[in-house]
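**Q**
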Amino acid sequence: MNFGFTEEQNLLREQVERFMREDCSLSKVRELCNEQQGFDIQLWGKIAELGWLALTIDPKYGGLGLKWVDLMVVLEETAKGLSPFPILSQALSSTLIDSCGSEHQKERWLPKLANGEMICAIALYDEPNWISEDSIKSSVTLKESSADLGGIKPFVNDANLATHLLVMAQSDDGLKIAMIEKTQAQISVQPTVDTTKPMASVTVNGVSVSRDDLMDCDAEKLDYITNCGALGTTAEMVGSSEALLSLTNEYAKQRIQFGAPIGKYQGVKHRLADIYVDLESFKSLCYFAAWCADDKPEEFARAVSMAKGYSSDAFNQIGIDGVGLHGAIGFTDEYDAQLYLKRSKWARPMFGDSNFHLERIAQLGGI
Amino acid sequence: MDFDYTESEQSFRQEVQDFLRENLPPKKDRDEHFLKNWLEKVRERGWVGFSWPKAFGGSDGGLIEQAILKEEMALAKAPPLGTSMMGLAWVGPGIMEYGTEEQKKKFIPDILDSKVTWCTGYSEPNHGSDLAAIQCKAELIGDHYLVNGQKIWTTGAPWSQWIILLTRTDFKAKSKHEGITCFLVPMDSPGVEVKPIKNMAGDKHFAEIFFTDVQVPAENRLGAEGEGWKVTVSALANERSSIGEVTQMFSKLDELKELVRSTRVQGRPAAEDPAVRRQLARFETKIAAMKYNGLRYLTKQIKGEPLSSETSVNKLHRASLEIEMDDFAVSLSGEAGLQLKGGENAVSGGSWSKSALNWPNVVIGGGTPNIQRNIIAERILGLPKD
């Protein structure tokens, strides 16, 4: 029994923290998101060099062979500063290839994902708020040596930043995933509340792919990749919540009203204490779920649903209170608190909202 | 990160399970004779005061083993490992840390052997949450102290033989935390009067206690004069992991699920109602969060990192769960949920309606939720004191 991190994991955390401080501060994030759609190829190169894209990939394919707990550390720390870099999309892509790809496909793609040469986004579900195989309407028509894609994936995270897309589609032969080059599809960036998490619709009508670029998928694997997405999103929520709590807490110590710091008043300090309680709790659930991902697969689904089911609504409330406790300043564009509120809106429905996950907990719990 | 147990930890768990299988009869067969035997047997095993040093008659049990022992006992719904919960939880540890050699010899063995029950004299009519402001007076006269004052909400007072009593010996001290002194007082001392208080559930668990010219020998003072606040704080810090509580909460959740499965709402099975399903899932998630919070803090303790006031996190969860789970059960059952034991349509023998009236035992005792929030805000988040 050990609910702590290793020396190596602590060093990794320090490394990410330094990168965020020196290379990816919030003013840099604002600049990237306002002017460059949230991307900087040089910084991406540095992220790749530091090995963060290779963490969970098998050493056979150029990876580091580490676990989700290690990746969680990176996601937690990058999300403290609302990094817009598509590390989670990249990790989910390599996870998807690892669980669905052939040996040949893994050899072709995983090394390039590990070193950042390919930037990959995943397009899973077609309908909003519907986590099910039935939500996938996009189709792939199988031919002798090629296949034709059809359909629109309206909500693809990071599609505009990617070089490649993994598109989930239905065929006569069950669920398939197609690896396409971004240039093959029609990408239309959508305006959303959170510019640090770009979202685009991807139209794949008439896109032709080689049979070598198709992978077999099934409901179980789709479920697994969704769980990994929910875990990664929760890890990011842990980091972002921690940063917003700390920002708000510091403000409560400094802002003087009625002759005292506002953090002295119970209306403020009790809300901050409640935020701490929620944060500690979904952090514990998230850490346990990350451990399950690699070491207790039979517990993974339930553990993830608890983590995401708790954090989705809690982080949303933390976003609201983080802004609200600041008073008017929190509401300004110039102040950073609002960026976290926007991130909380993004994270809430991603890979299942609380209703979806709570329902699953009920089912798994025999109700 | 590793949530598996080592071989020796697993074999300890096995030992506890084997013991329970052999020694714990079904609830209906647990009479007084059984209880006496039970207390002797768990004492023989060294499970009473399991974490205490061997020099004091404990077992030097490790933190993980303590957690396993509590978990298995709670899972089996076994009786407590001693008659004096407070004696084992904080009076004993307080005496081991601050007591004289004579006090250690006199009090520790009796706590371990379940020969005495202790209660805790902290709250007063005018000083509950603001505990450090207590006014119960102790005055040194020759070789004894003269105690005058009143305590209230003292759980277990009607049947306890001893009380750990917080008094004020210096009314001119610079701060309210100074000038407090702790005593170990027999409840049958002349001048001690106990008046049980009936709570809203009809139980008489707590009482007011009046002290009128009670003579307490100076040798019964615990710690130095004016050191009482330190003794209290450090003794309360001995409350360890909440793993036993978590196991109890999980069994309560199982009972709640049973109730849902057998209940109809507006003519339809309650288990089909999405709102009901989500609420159960929220309870389960919160209890799991308590479990993993507890394990995370346990890991910190094992690594020797100082624990701040993290236990307040789980206390707040426990408080809201205590209220919400009973409330949920009562309201789910509609009119039938109102009936108490003996009612023709009482649900689960009236146990939910009864415990829906008893939550303050857990929620108020040991510090109200708002006090826990103050503790988190001030000690962990570093916000200014009120």
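Those protein sequence lines, which keep their order, are chains H and X.
The letter at position 208 of the first sequence is residue 1244 when you use our numbering, and the numbering goes up by one with no holes.
The letter at position 246 of the second sequence is residue 373 when you use our numbering, and the numbering goes up by one with no holes.
For each residue, glycine too, the CB sits at the ideal point set by N, CA and C.
Quick one: list the residues of chain X neighbouring residue 1321(H), beta-carbon separation under 8 Å, in chain order.
**A** 412, 415, 416, 419
**Q** Under 9 Å between C-beta atoms, does residue 1263(H) make it to chain X?
**A** No, residue 1263(H) does not count as interfacial toward chain X.
**Q** When you compare each of 390(X), 441(X), 433(X) to residue 1320(H) by their alpha carbons, which one comes out closest?
**A** 441(X)
**Q** Helix, strand or coil for residue 456(X) per DSSP?
**A** If DSSP states are grouped into helix, strand and coil, residue 456(X) belongs with the helices.
**Q** Does DSSP put residue 196(X) in a helix, in a strand, or in coil?
**A** helix
**Q** Let me see if you follow: with CB-CB separation under 9 Å, is residue 191(X) close to chain H or not?
**A** Using a CB distance cut-off of 9 Å, residue 191(X) counts as an interface residue toward chain H.
**Q** I need the DSSP call for residue 162(X), collapsed to helix, strand or coil.
**A** helix
**Q** Pairing CB atoms from the segment 1178 to 1188 of chain H with CB atoms from the segment 1129 to 1139 of chain H, are three or more of them under 8 Å?
**A** no
**Q** So, helix, strand or coil for residue 1261(H), using DSSP?
**A** helix
**Q** Listing by chain order, which chain H residues have their CB less than 9 Å from the CB of residue 327(X)?
**A** Near residue 327(X) there are no residues of chain H at all, since even the closest Cβ is about 26 Å away, more than 9 Å.
**Q** Is DSSP giving residue 305(X) helix, strand or coil here?
**A** In the structure shown, residue 305(X) sits in coil (DSSP, three-state: anything other than H, G, I, E or B).
**Q** In the DSSP assignment, find the alpha helix (DSSP H) that holds residue 1334(H) and state where it starts and stops.
**A** First-last of the alpha helix (DSSP H) with residue 1334(H): 1333 to 1362.
**Q** In chain X, which residues lie with their C-beta within 9 Å of the C-beta of residue 1391(H)?
**A** 401, 405
**Q** Per DSSP, residue 1210(H) forms a beta bridge with which residues?
**A** 1207(H)
**Q** Quick check on the DSSP output: the alpha helix (DSSP H) that includes residue 423(X) runs from which residue to which?
**A** Unbroken alpha helix (DSSP H) run through residue 423(X): 401 to 429.
**Q** So, for residue 1374(H): in the same chain, excluding its five sequence neighbours on each side, which residues have a beta-carbon less than 8 Å away from its beta-carbon?
**A** Excluding positions up to five away in sequence, the list reads 1359, 1366, 1367, 1368.
**Q** Are the Cβ atoms of residue 1087(H) and residue 1100(H) separated by less than 9 Å?
**A** yes
**Q** So, does the CB of residue 1317(H) fall closer than 9 Å to a CB anywhere in chain X?
**A** yes
**Q** By alpha-carbon positions, which one of 222(X), 268(X), 501(X) ends up nearest to residue 257(X)?
**A** 501(X)
**Q** Any residues in the segment 1157 to 1181 of chain H with a beta carbon nearer than 9 Å to a beta carbon of chain X? Which ones, in chain order?
**A** none
**Q** Return helix, strand or coil for residue 1215(H), following the three-state DSSP convention.
**A** strand
**Q** Of all the CB atoms in chain H, is at least one closer than 9 Å to the CB of residue 183(X)?
**A** no
**Q** Would you check if the distance between the CB atom of residue 384(X) and the CB atom of residue 452(X) is smaller than 9 Å?
**A** no
**Q** DSSP has residue 1394(H) in a bridge; who is on the other side?
**A** Residue 1394(H) is not bridged to any residue.
**Q** What residue does the alpha helix (DSSP H) around residue 1191(H) start on, and which one ends it?
**A** Counting along the chain, residue 1191(H) sits inside no alpha helix (DSSP H); it lies in the beta strand (DSSP E) bounded by residues 1188 to 1193.
**Q** In the DSSP output, which residue or residues are listed as bridge partners for residue 1296(H)?
**A** 1293(H)
**Q** Quick check: the Cα distance between residue 1345(H) and residue 449(X), rounded to an integer number of angstroms?
**A** 21 Å
**Q** With DSSP as the reference, please indicate the residues paired to residue 291(X) in a beta bridge.
**A** 247(X), 311(X)
**Q** So the beta strand (DSSP E) residue 1235(H) belongs to, where does it begin and stop?
**A** Per DSSP, residue 1235(H) belongs to the beta strand (DSSP E) from 1235 to 1239.
**Q** Out of curiosity, what's the CA-to-CA distance linking residue 1040(H) and residue 467(X)?
**A** Taking the straight line from one Cα to the other gives about 47 Å.
**Q** Run through chain H and tell me which residues come within less than 8 Å of residue 384(X), C-beta to C-beta.
**A** Against chain H, the beta carbon of residue 384(X) has neighbours under 8 Å at 1401, 1402, 1403, listed in chain order.
**Q** To the nearest angstrom, report how far apart residue 1324(H) and residue 1265(H) are at their CA atoms.
**A** The alpha-carbon of residue 1324(H) is positioned some 15 Å away from that of residue 1265(H).
**Q** Whole angstroms is fine: what's the gap from residue 1250(H)'s alpha carbon to residue 1098(H)'s?
**A** Taking the straight line from one Cα to the other gives about 22 Å.
**Q** If you pair each beta-carbon of the segment 213 to 231 of chain X with each one of the segment 245 to 263 of chain X, do three or more pairs fall below 8 Å?
**A** yes
**Q** Residue 1252(H) and residue 1208(H): beta carbons closer than 9 Å?
**A** no
**Q** Who are residue 282(X)'s beta bridge partners in DSSP?
**A** Under DSSP, the beta-bridge partners assigned to residue 282(X) are 333(X).
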